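Here the sequence shown stands for residues -21 to -1, 1 to 341, numbered as in mature numbering (1 follows the signal peptide of the UniProt record, and there is no 0).
No residue lacks a Cβ here, since even glycine has one placed at the ideal position from N, Cα and C.
Here the structure is a predicted model, which means the values were calculated and not measured.
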Amino acid sequence: MVGLVSATVALVTLVAWQSDAAYIHNADEAALLAAAEEGKGMLLEFYAPWCGHCKNLAPEYEALGALYAKADSVLIASIDATEQKALANKFAISGYPSIKWIAANKGLNPDAATDVRVDRNAEALSAYVNQATGLTKKISKETAVVTLTEDNFDREVLADDDTSVLVEFYAPWCGHCKALAPKYDALSMLFAGEKKIKIAALDADGAKRLSTKYGVTGYPTIKLFKAGQKDAPIKYEQPREVKNFIEFLNEELGTDLTPTGDVTEGAGVLDGLTSLFAEVARSGSSAEKAAATIKEKIEGAENSDYASYYSKVLSNLESKGADYIHKEALRLEKMLKGALKPQQKRSVQRRINVLTSIRDEL
């Protein structure tokens, strides 16, 4: 099950040789043996880097690791089964992700390992660990879902025709709505800070007028009130998973996010500009025609944020030459390795995409 709780939980990534670590990412056998010798209970996730389900689980598992970072009695560890093949074979791993629990004082013993069969999210996994250990850790839920009522619906959804709003019509007693809630919260956190889009929810059971107006006959009903087309909201009819919501919004709104919180490949790059920028970079001021064409395309671009960055690149390219592309790309790649807020990280990724698309043409 996809979730992105780690968008709001600090990551605690500790090196594998710290025997007192309560969370180890990419653990090896030596690190696990050290924890076993200390009598710790161990939750072990065996994954493969190419596995889609593992990628979906990653932020949830990191959030889980952060939750137990200071717990002395338990170790949360992830193991790259493609790197730690002997360890994976010892535990008879045949699919990914595989999650095993070994109780305290049982050593690194495959015969003592229990398959963990709960939902693949931090909340369900923490409940499992708590039950197994007697701990009482809880994931703090964060959400950016806008709460709608009959009083504020028009203001939050309809008033700004430039902002698209995804609305969940739910009922408090609805089981499917309860199951959707953590995923919808995660979706809202993913899009928090993104311009011109809101993720919202309305207790439709208590807002009969709006339910009737928008044809709500079952729960949850999800509709996209798209900018410029709010008189004809689009009903969402795909699977109710975060990745499916993202794909839907990307397709309908031109957003560029992925379930990991990064941007899609090529995000930020505007069609038809790369070769023109490369021409300016190679020819400098003599490429006046190319520069003029670039300015025309930038002025006509639908995404003003992307266009603004292209204008900045063109100005620096004309004044500093082709070296600017290489140096700026390196600077941003270094910045990307630092501590950035999700929205800042995505902005840097888009800028890197623009620069590397030009650099690849040189």
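Under the three-state reduction of DSSP output, S143 falls in the strand class. Nearest to A60 by C-alpha distance, out of E173, A211 and Y26, is Y26. Selection V259, A271, D284 and F256 evaluated against A246 yields D284 as nearest (Cα-Cα). Ranked by Cα distance from K120, the first of P161, A150, N35 and D140 is P161.
Here the alpha carbon of T115 sits roughly 23 Å from the alpha carbon of G86. Distance between L127 and A180, taken at the CA atoms: about 6 Å. Using a 10 angstroms sphere on the CB of E258, the tally of other CB atoms reaches 16 or more, which defines it as buried.
Distance from Q63 to E16 at the Cβ level is roughly 18 Å; contact not present, criterion being Cβ atoms closer than 8 Å.
Sorting V136, C33, K276 and Y193 by C-alpha distance to the C-alpha of S290 places K276 at the top. For the set Y193, A206, A14 and K222, the Cα lying nearest the Cα of K214 is the one of Y193. Runs of the alpha helix (DSSP H) spanning 4 or more residues and lying entirely within the stretch 153 to 239 occur at 154 to 170, 187 to 192 and 221 to 232, in chain order. Going by C-alpha positions, N88 is about 27 Å away from K34.
If you look at S57, you'll find it in the beta strand (DSSP E) that goes V53 to D59. Pairing L54 with K79 gives a Cβ-Cβ distance that is not under 8 Å. Residue state for E340 is assigned as coil, using DSSP reduced to three classes. In the DSSP assignment, G20 falls outside any alpha helix (DSSP H) and within the unbroken beta strand (DSSP E) covering G20 to Y26. The Cβ atoms of V144 and F70 lie no closer than 8 Å to each other. If you draw a straight line from the Cα of R188 to the Cα of D182, it comes to about 12 Å. Going by C-alpha positions, K306 is about 23 Å away from T243.
Counting C-beta atoms within 10 angstroms of its own C-beta, G31 has fewer than 16 neighbours from the protein chains shown and is therefore classed as exposed. Looking at the DSSP output, T93 sits in a beta bridge with W80.
Between L43 and L104 the beta-carbon gap is near 5 Å, inside 8 Å, which marks them as a contact.
Linking N131 to D164 through their CA atoms gives a straight-line distance of about 20 Å.
Rounded to whole angstroms, the separation of the alpha carbons of I176 and A1 is 38 Å. In the three-state scheme derived from DSSP, where H, G and I count as helix and E and B as strand, V248 is classed as coil. Considering only A101, E216, I273 and L23, the residue with the shortest C-alpha distance to A67 is L23. Looking from the CA of R134, the closest CA among K49, E39 and K209 belongs to K209.
With a threshold of 16 other beta carbon atoms within 10 Å, L296 meets it and is buried. Judged by beta-carbon spacing, R96 lies beyond the 8 Å limit of L36, meaning their Cβ atoms are not closer than that value.
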